[in-house]
Amino acid sequence: MELFGQTVICGILLGGMYALIAIGMTLIMGVMKIINLAHGALVMVGMYVTYFCFQEFGIDPYFGMFLSMPVLFFIGCLIQKYMINRLVEVESILPENQVLLTVGIMLVLTEAARLIFKSDYRSVATGYSSSTVFLGGMSISVPMVIGFFIAMVFTFLLHLFLTKTDLGKSIRATSQDRDAATYLGVNASRITMITFGIGSALAATGGSLLLPLFYLWPDIGHLFTAKSFIITILGGMGSTMGAIIGGLILGMAESLGATYISMGYKDMVGLVIFLLVLLFLPGGFRSLAKR
Amino acid sequence: MKNKSVLINIAVLLAALLVPVVIKAPYHLHIIILIIIWSIIGTAWNLLGGYAGQVSFGHAAFFGLGAYSAGLLKFHFDISPWWGVLLGPIIATLVSLPIGLICFRLRGPYFALAMLSLGEIFRLLFTNLSNFTNGARGVMIMPDITSKMFYYYISLFILVLTLFTTYRIVNSKVGYYLVSIREDQDAATSLGIPTTLYKNLALLPSAFFTGMAGAFYMNYVAFIDPNIVFNLSNVSVMVILVVMLGGVATTWGPTVGAAIYIFLGELFRATLGSANVLVFGVLVCLIILFLPNGIVGEMNTLKRLVRRKKGLPGGERNEFLRG
């Protein structure tokens, strides 16, 4: 029972942080209607920025992320404005070449990181990295708890931003109907750029929160791309609430799978759930709530 | 017009048959064999992804299944892996049946994602079923034949077979159905085309030849592990890039794409050192931004422009096929 409880709690905590990364992706997907395979690479870049701050200036990862967020916001805006946006105007047979462009961006980011930081596995050794708290008989890692709460705070702030501010409302309007939003005076291309930036910044935040828990190497991006896809589909595209629920479900499924099936099949559990949801519940869990 | 293109094709084939006579260096032949392997996969992918418009991010699954069928024949039963070149495609085709039934319920980006996750599922499955597949240690065989020339002709034969089959399918009724599905699936359905059936008909040969390429790869390279043959970025995405570069929905596009890709890849590796993949990635971005329909695809547009200026007819059929 204690093992079960620990597994579930661990999964929920991890899932909350995954959710933050996935919200970034779901925002971008909602506004731009493209599959962004470079999202994991953006997470990776965010993690490296935080890592660099820690290594060179001794800035704690939880403060370093406030540096990596604006950096990634800027990178995201540039990528959207000068690469992906240009492709919208180009005519081609397969609309999927936008996806391929994001693959190209992913390659460039990953290899640039490899060139600068080499392929070595790196980790951030802070005083609290391996400390745990005990809850009954269950031991829970401290960085997980801190990360989870910060992730939830950010999600709440983002929710406020999207529902209360003008800019947030414009983002939601653009994602619902781009043309209608344009008629009503929303500068859709500017909003798209800002959304890509915010999505990237959220990816960086999620990555920085996970930095004390994960090893860091240039290819770690693939892992996060896969996870945020699964979460986005689970929760329904473009839904913040859905992404949180999807993240929690994925986190729990992974940690239950790792404990009770085997560590090697951990990633497969998520993928199988992903396929099943895609087939039988195409709107994600959000469509259940609407019924 | 038709006779001319047949003559050109025969001339290209003859030139290809003479290649090992001219090029003797094993390294150069190795590069050419790699190009041919990628042309086979690219052509097979193009049938489903280019003509039918069902962009698959999971062709590594078929490639890996073909490769593993050949490797495991030797590993478990001590049967020559060359039988795998027959068995591999059959297994890949059989597996593609349920995959098609599942994934063709989905459209566009959702289909792409479903295939992507299926490819990853196969990779994880073959990594973890270590009793059967020898897990991450991979399968290694001792090849009986080491002459590159032999492998060259076998791979060339498979490529010709693939190109011919694809060409016949594309220029038949089925081919037009596939293009109509790509252009507008709802319109195709309303005209009475059973879209799911025809998508499956495109998937089966696609999986078949990808599996064959996989089995040949096993025989040629003699070592595989799940992270090589089921790799998402080095197989599934690579094949899409090859086709995109060469020209989506063109007969020769994948071959041209593969030739340029492998050649540039080797060139960069030799000259740029550790920055080679970075330059490659930049190149990918540039190609997609400025040559969205690939080299062969843009060539047709250029020709058409020239023709329109001169007021000459021609190229209608191609135009229709490409939409």
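Going down the list, the protein sequences come from chains H and V.
The first sequence runs contiguously to residue 291 in this note's numbering.
The second sequence runs contiguously to residue 614 in this note's numbering.
In this text, a Cβ means the ideal position worked out from N, Cα and C, and glycines have one as well.
With 16 other Cβ atoms within 10 Å as the buried cut-off, status of residue i
{"i": "H/Val153", "result": "exposed"}
{"i": "H/Gln176", "result": "exposed"}
{"i": "H/Pro218", "result": "buried"}
{"i": "V/Leu257", "result": "Because residue 257 of chain V is not part of the residues shown, which for chain V are 292 to 614, the question remains open."}
{"i": "H/Asp267", "result": "buried"}
{"i": "H/Glu293", "result": "Absent from the structure is residue 293 of chain H, since the part of chain H shown begins at 1 and ends at 291."}
{"i": "H/Gly127", "result": "exposed"}
{"i": "V/Leu447", "result": "buried"}
{"i": "H/Leu14", "result": "buried"}
{"i": "H/Ser255", "result": "buried"}
{"i": "V/Val526", "result": "buried"}
{"i": "H/Ala180", "result": "exposed"}
{"i": "V/Pro311", "result": "buried"}
{"i": "H/Asn36", "result": "buried"}
{"i": "V/Asn294", "result": "exposed"}
{"i": "V/Ala561", "result": "exposed"}
{"i": "V/Ala306", "result": "exposed"}
Cβ neighbours of residue i in the same chain (closer than 7 Å, five flanking residues each side left out)
{"i": "V/Ile579", "result": "Met535"}
{"i": "H/Ala113", "result": "Met44, Val45, Tyr48, Pro218"}
{"i": "H/Met17", "result": "Gly147, Phe148, Ala151, Gly206, Leu209, Leu210"}
{"i": "H/Ile233", "result": "Phe274, Val277, Leu278, Gly284"}
{"i": "V/Leu582", "result": "Glu589"}
{"i": "H/Ala203", "result": "Ile21, Gly24, His39, Leu42, Val43, Gly46, Leu72"}
{"i": "V/Val533", "result": "Trp329, Gly333, Pro545, Gly548, Ala549, Tyr552"}
{"i": "H/Met252", "result": "Val8, Gly11, Ile12, Gly15"}
{"i": "H/Gly221", "result": "Gly40, Ala41, Val43, Met44, Met106, Thr110"}
{"i": "V/Asn422", "result": "none"}
{"i": "H/Gly347", "result": "For residue 347 of chain H there is no data in the structure shown, the boundaries of chain H being 1 and 291."}
{"i": "V/Phe368", "result": "none"}
{"i": "V/Met406", "result": "Ser347, Phe348, Gly349, Cys394"}
Close-in-space but distant-in-sequence residues of the same chain around residue i (CB under 8 Å, 5 per side omitted)
{"i": "V/Ala479", "result": "Tyr468, Ser471, Ile472, Thr486"}
{"i": "H/Glu2", "result": "Gly136, Gly137, Met138"}
{"i": "V/Val539", "result": "Asn337, Gly340, Gly341, Asn584, Gly585, Gly588"}
{"i": "V/Pro317", "result": "Lys439"}
{"i": "H/Asp120", "result": "Trp217"}
{"i": "H/Met263", "result": "none"}
Residue i - partner residues in DSSP beta bridges
{"i": "H/Leu216", "result": "H/Arg122"}
{"i": "H/Phe134", "result": "H/Ser139"}
Integer Cβ distance of residue i from residue j, believed to fall under 8 Å
{"i": "V/Gly349", "j": "H/Val108", "result": "With a Cβ gap of about 24 Å, V/Gly349 and H/Val108 do not count as contacting."}
{"i": "V/Gly553", "j": "V/Leu377", "result": "Rather than Gly, the amino acid found at residue 553 of chain V in this sequence is Ile. Actually they do not touch by this definition, with Cβ atoms about 26 Å apart."}
{"i": "H/Thr174", "j": "H/Ile191", "result": "5 Å"}
{"i": "H/Val124", "j": "H/Val133", "result": "Not confirmed; about 20 Å, so no contact."}
{"i": "H/Ser170", "j": "H/Val186", "result": "5 Å"}
{"i": "V/Ile515", "j": "V/Gly362", "result": "6 Å"}
{"i": "V/Ile432", "j": "V/Lys365", "result": "5 Å"}
{"i": "V/Tyr443", "j": "V/Leu320", "result": "6 Å"}
{"i": "V/Gly502", "j": "V/Gly410", "result": "Not a contact, Cβ separation roughly 14 Å."}
{"i": "H/Met193", "j": "V/Cys576", "result": "Actually they do not touch by this definition, with Cβ atoms about 18 Å apart."}
{"i": "V/Ala383", "j": "V/Phe413", "result": "The pair is not a contact, with the Cβ atoms about 11 Å apart (cut-off 8 Å)."}
{"i": "H/Phe196", "j": "H/Gly76", "result": "5 Å"}
Local conformation of residue i per DSSP, three classes
{"i": "H/Ser139", "result": "strand"}
{"i": "V/Gly606", "result": "Residue placement at V/Gly606 is poorly supported in this model, since its pLDDT is 44, which falls under 50; the coordinates are not used for a value here."}
{"i": "V/Ile578", "result": "helix"}
{"i": "V/Val430", "result": "strand"}
{"i": "V/Phe514", "result": "strand"}
{"i": "V/Val539", "result": "coil"}
{"i": "H/Asp177", "result": "coil"}
{"i": "V/Asp435", "result": "coil"}
{"i": "V/Phe611", "result": "With a pLDDT of only 47 at V/Phe611, under the threshold of 50, the placement of this residue in the model should not be trusted; the figure read from the coordinates follows. Helix, per DSSP."}
{"i": "H/Leu260", "result": "Per the sequence presented here, residue 260 of chain H reads as Tyr, with Leu not at that position. In the structure shown, H/Tyr260 sits in a helix (DSSP, three-state: H, G or I)."}
{"i": "V/Arg396", "result": "coil"}
{"i": "V/Lys594", "result": "helix"}
{"i": "V/Asn425", "result": "coil"}
{"i": "H/Thr165", "result": "coil"}
{"i": "H/Ile12", "result": "helix"}
{"i": "V/Asn337", "result": "helix"}
Close-in-space but distant-in-sequence residues of the same chain around residue i (CB under 6 Å, 5 per side omitted)
{"i": "H/Leu87", "result": "Gln98, Leu101"}
{"i": "V/Arg608", "result": "Only weak support is given to the placement of V/Arg608: the predicted model assigns it a pLDDT of 46, under 50, and the value that follows is read from those uncertain coordinates. Excluding sequence neighbours, V/Arg608 sits near nothing in its chain."}
{"i": "H/Ile259", "result": "For clarity, residue 259 of chain H is Thr in the given sequence; the question names Ile instead. Same-chain partners within the cutoff: Thr7."}
{"i": "V/Ala493", "result": "Leu338, Leu339, Ala343, Leu469"}
{"i": "H/Gly247", "result": "Gly15, Tyr18, Ala19, Ala22, Ile231"}
{"i": "V/Val530", "result": "Ile332, Gly333, Trp336, His350"}
{"i": "V/Gly375", "result": "Ser360, Ala361, Leu364, Ala506"}
Under 9 Å from the C-beta of residue i: neighbouring residues of chain C
{"i": "V/Leu532", "result": "The question asks about chain C, but that chain is absent: this structure's protein chains are H and V."}
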